[in-house]
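Here the UniProt record's numbering is used: position 83 in the sequence shown is 83, and no number is missing along the way.
A virtual CB, placed ideally from N, CA and C, is assigned to each residue, including glycine.
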Amino acid sequence: MSVSVNQPLSTSASEIRHDWALDEVNALFAMPFNDLLFKAQCVHRAHFDPNYVQVSTLLSIKTGACPEDCKYCPQSARYDTGLEKERLMEIEKVIQRAREAKAAGSTRFCMGAAWRNPKERDMPYVTDMVREVKKLGLETCMTLGMLTRDQAIALKQAGLDYYNHNLDTSPEFYGDIITTRTYQDRLNTLDAVREAGMNVCSGGIVGMGETGSDRSGLLMQLANLEHHPESVPINMLVKVKGTPMENVEDLDYFEFIRTIAVARIMMPKSFVRLSAGREAMNEQMQAMCFMAGANSIFYGCKLLTTSNPDTHEDVMLFKKLGINAKQTREYSDEAHQAALLEEIQSTEASHSAEAPQATELFYDATQKKPETVAG
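Encoded structure:
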């Protein structure tokens, strides 16, 4: 089926569909790049403010020692990645991080634990976390692995707004990435979340050595769910030494941007999140992803175990692009001050109090500076 950029943008270009065929999705990916971005931007503008990006913060509340064998993941207990294992974080520490996230401009606080599935003994702790974060006025999201229907209901009753459970890739490529849980296991968890009345956050990872048809297959699976996920994170593989994917070939950046654009076209009302891998993207590439329809990001220095651009860098980028203009005005000076304070603290730590040294930020005021003579 051919797809024309000149197709009328009425119901046909932005309708909500759940019956996509693989050849249709492949045809979208095959469009001339500029035509694809134009179509995606038109669909985006039909449903969203084009200069608004939803901001979330992600916190790992339990890191490492996961029994799963996901080949991309440094949290798997099967791989030696040097990751320090951590126990379930205390609720008070989680709440403090949530307060910091809200102060930095995040509207949603996401909590992730490296579990195959939560144990019943863990449920009271995670539901208490949800209740306390909700009291701060933030939206809440969790990713805890597979859920039973009873667990999904308990999280919903605690006030959880979103549950993240990615499909990762196409059904055809999935077995090359993970063997410890099935594709259907993932779909069953999404069903449990949806039936409990929570919003679904589900996307995938590209750049794992999959084919173009696998990227089409992933988006087709998501778009053909009975209800589109409210949030669709698109992750670029972050290659971690010690995992089976540390040497996989890099995905072309234009292919990543195409994936964002096709996701926007196929799921017009979903928030498409520019997620992991963003630290490696320059400002121009991120801007192109926003043009392609991405309208959600994570703030913060780390996404579970992989790095992410610092908050103040994101605020500066938003300011350049005119994104979230009101919030950017409010937080840009604060972000600059935070960055400067961080540099000052780092400098202070590197020099002893007994022997202060001049740096670009400091000079020794007890020493007379040489006079300059105008020429």
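Leaving out the 5 sequence neighbours to the left and right, which residues in its chain are closer than 6 Å to V130 when beta-carbon positions are compared? Within the sequence shown, residue 130 is the residue found at index 130, counting from 1. Same-chain partners within the cutoff: T140, A158, G159, L160.
Less than 8 Å between C-beta atoms, sequence neighbours within five positions excluded: which residues of the same chain meet that for I91? To locate residue 91, count along the sequence shown from 1; it is residue 91. Counting only Cβ-Cβ distances below 8 Å, and skipping sequence neighbours, we find Y125, D128, M129, E132.
Can you round the beta-carbon distance between C201 and N164 to whole angstroms, since I take them to be within the 8 Å contact cut? Here residue 201 refers to the residue found at position 201 when the sequence shown is read from its first residue. Here residue 164 refers to the residue found at position 164 when the sequence shown is read from its first residue. Contact between C201 and N164 is confirmed by a C-beta separation of about 4 Å, below the 8 Å threshold.
Considering only residues of the same chain and omitting the five flanking positions on each side of T81, which have a CB-CB separation below 7 Å? In the sequence shown, the residue the question calls residue 81 occupies position 81. Low per-residue confidence applies at T81: pLDDT is 43, beneath 50, and the placement is therefore not dependable enough to give any value.
Residue burial classification, Q184 (beta-carbon count within 10 angstroms, cutoff 16): Reading the sequence shown from its first residue, position 184 is the one you call residue 184. Counting Cβ neighbours within 10 Å, Q184 comes out exposed, since fewer than 16 surround it.
Chain-order list of residues whose beta-carbon lies under 6 Å from that of A101 (same chain, five-residue window excluded): Along the sequence shown, one-based indexing puts residue 101 at 101. Counting only Cβ-Cβ distances below 6 Å, and skipping sequence neighbours, we find T57, F109.
Rounded C-alpha distance that separates L321 from Q41: Your numbering for residue 321 matches position 321 in the sequence shown. Your numbering for residue 41 matches position 41 in the sequence shown. Answer to the nearest angstrom: the Cα atoms are 15 Å apart.
Around the C-beta of T189, are 16 or more other C-beta atoms found within 10 angstroms, so that it is buried, or is it exposed? What you label residue 189 is simply residue 189 of the sequence shown in a count that begins at 1. With 16 or more Cβ atoms within 10 Å of its Cβ, T189 is classed as buried.
By the three-class DSSP mapping on this structure, what secondary structure does R181 have? Counted from its first residue, the sequence shown places residue 181 at position 181. It is coil, neither helix nor strand.
Check the C-beta distance from A261 over to L22 and give it rounded, since I have them as a contact under 8 Å. Residue numbering aside, residue 261 sits at position 261 when the sequence shown is read from its first letter. Residue numbering aside, residue 22 sits at position 22 when the sequence shown is read from its first letter. At roughly 17 Å, the Cβ-Cβ gap does not stay under 8 Å, so A261 and L22 are not in contact.
Under 8 Å between the Cβ atoms of H227 and M267? As a working note, residue 227 is residue 227 in the sequence shown. As a working note, residue 267 is residue 267 in the sequence shown. No. Outside cutoff.
Can you tell which of N117, S170, K269 has the C-alpha that lies nearest to the C-alpha of V25? Mapped onto the sequence shown, residue 25 falls at position 25. For the residues N117, S170, K269, the minimum Cα distance to V25 belongs to S170.
Quick check on the DSSP output: what are the complete alpha helix (DSSP H) runs of length 4 or more inside the stretch 272 to 306, in order along the chain? 283 to 291
C-beta atoms of I177 and M208 nearer than 8 Å: Position 177 of the sequence shown, counted from the first residue, corresponds to residue 177. Position 208 of the sequence shown, counted from the first residue, corresponds to residue 208. Result yes, Cβ atoms of I177 and M208 sit closer than 8 Å.
Length of the line joining the Cα atoms of R215 and I257: As a working note, residue 215 is residue 215 in the sequence shown. As a working note, residue 257 is residue 257 in the sequence shown. Spanning the two alpha carbons is a distance of roughly 12 Å.
Specify, as a first and last residue, the run of the beta strand (DSSP E) that P233 falls within. Position 233 of the sequence shown, counted from the first residue, corresponds to residue 233. Counting along the chain, the beta strand (DSSP E) containing P233 begins and ends at 231 to 236.
Could you say which of F33, V248, H44 lies nearest to E15 if we only look at CA atoms? Position 15 of the sequence shown, counted from the first residue, corresponds to residue 15. Of the candidates F33, V248, H44, the one whose C-alpha sits nearest the C-alpha of E15 is H44.
Alpha carbon of F173 to alpha carbon of N51, nearest angstrom: Mapped onto the sequence shown, residue 173 falls at position 173. Mapped onto the sequence shown, residue 51 falls at position 51. Going by the C-alpha atoms only, they are around 35 Å apart.
Count the other CB atoms, across all protein chains shown, that sit within 10 Å of the CB of R273; report buried if there are 16 or more and exposed otherwise. Position 273 of the sequence shown, counted from the start, is the residue given in the question as residue 273. Label assigned to R273: buried.
Jot down the residue ranges of each uninterrupted beta strand (DSSP E) in the stretch 114 to 196, minimum 3 residues, whole runs only, in chain order. 139 to 143, 162 to 164
Straight-line Cα distance separating G212 from E249: Here residue 249 is taken as the residue at index 249 of the sequence shown, counted from 1. Here residue 212 is taken as the residue at index 212 of the sequence shown, counted from 1. Cα-Cα distance, rounded: 14 Å.
Pop quiz: L155 and R186 are said to be a contact at Cβ under 8 Å. What is the actual Cβ separation, rounded to whole angstroms? Start at 1 with the first residue of the sequence shown, and residue 155 comes out as number 155. Start at 1 with the first residue of the sequence shown, and residue 186 comes out as number 186. Not quite, the Cβ-Cβ distance comes to about 17 Å (not below 8 Å), so this is no contact.
Among A113, T259, L222, nearest to residue 408 - alpha-carbon criterion: This structure cannot settle anything about residue 408, because the visible part of the chain is limited to 1 through 375.
For F48 and A30, the rounded distance between their alpha carbons: As a first step, residue 30 is located in the sequence shown; it is residue number 30 there, counting from the start. As a first step, residue 48 is located in the sequence shown; it is residue number 48 there, counting from the start. C-alpha separation (whole angstroms): 25 Å.
Considering only DSSP beta bridges, list what V55 is partnered with. For the purposes of this step, residue 55 is taken as residue 55 along the sequence shown, with counting starting at 1. DSSP output for V55 lists I297 as bridge partner(s).
Could you compute how far the alpha carbon of T180 sits from the alpha carbon of T143? Indexing the sequence shown from 1 puts residue 180 at position 180. Indexing the sequence shown from 1 puts residue 143 at position 143. Going by the C-alpha atoms only, they are around 17 Å apart.
S296 and V53 closer than 8 Å at C-beta: For this step, residue 296 is matched to residue 296 along the sequence shown. For this step, residue 53 is matched to residue 53 along the sequence shown. Yes, the Cβ-Cβ distance between S296 and V53 is below 8 Å.
Buried/exposed call for G175, threshold 16 Cβ in 10 Å: Stepping through the sequence shown from its first residue, residue 175 is reached at position 175. Per the 10 Å Cβ criterion, exposed.
Cβ shell of M198 (< 8 Å), same chain only, five flanking positions each side left out: By one-based count along the sequence shown, residue 198 stands at place 198. Answer for M198: A152, L155, K156, L160, D161, Y162, Y163, listed in chain order.
Buried or exposed by the 16-neighbour rule on C-beta atoms within 10 Å, applied to R278: Along the sequence shown, read from residue 1 onward, the residue named residue 278 stands at position 278. Using a 10 angstroms sphere on the CB of R278, the tally of other CB atoms reaches 16 or more, which defines it as buried.
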